[in-house]
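J.: Start counting the sequence shown at 6; every next residue gets the next number (the numbering used here).
In this text, a Cβ means the ideal position worked out from N, Cα and C, and glycines have one as well.
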Amino acid sequence: MPRVTPFRQADVTRAIKGAQAAGFEPGELRISQDGTIHVLRAGAVSIGANRIDQLIEARRGKA
6 MPRVTPFRQA
16 DVTRAIKGAQ
26 AAGFEPGELR
36 ISQDGTIHVL
46 RAGAVSIGAN
56 RIDQLIEARR
66 GKA
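#1: In whole angstroms, what separates the C-alpha of Ile21 from that of Arg65?
#2: So, helix, strand or coil for Arg35, using DSSP?
#3: Can you say whether Thr18 is buried or exposed, counting buried as having 16 or more other CB atoms within 10 angstroms of its CB?
#4: Could you give the first and the last residue of the continuous alpha helix (DSSP H) run that contains Arg130?
#5: Of the choices Phe12, Ala27 and Val44, whose alpha-carbon is the least far from that of Ala63?
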């Protein structure tokens, strides 16, 4: 059985905002009372693949 780590609402909000800032759409999530995150609909990348490569290279100091 996979290990489940509960998250606080603030943790989830921060993660979603970070994903959106990076150009990702988080999709549709549901958070249970116990903090379990259920992915109801997967998100999508809203920026081009080349832009993602540029972001990765920039984080590695190659841009």
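T.: On the basis of the supplied data:
#1: Your numbering for residue 21 matches position 16 in the sequence shown. Your numbering for residue 65 matches position 60 in the sequence shown. So the alpha carbons of these two residues sit roughly 23 Å apart.
#2: The residue you call residue 35 lines up with position 30 of the sequence shown. Here Arg35 sits in strand by DSSP.
#3: In the sequence shown, counting from the first residue as 1, residue 18 sits at position 13. Counting Cβ neighbours within 10 Å, Thr18 comes out exposed, since fewer than 16 surround it.
#4: Outside the shown range of the chain, which is 6 to 68, sits residue 130, and nothing can be said about it.
#5: Within the sequence shown, the letter at position 58 stands for residue 63. Out of Phe12, Ala27 and Val44, Ala27 has the C-alpha closest to the C-alpha of Ala63.
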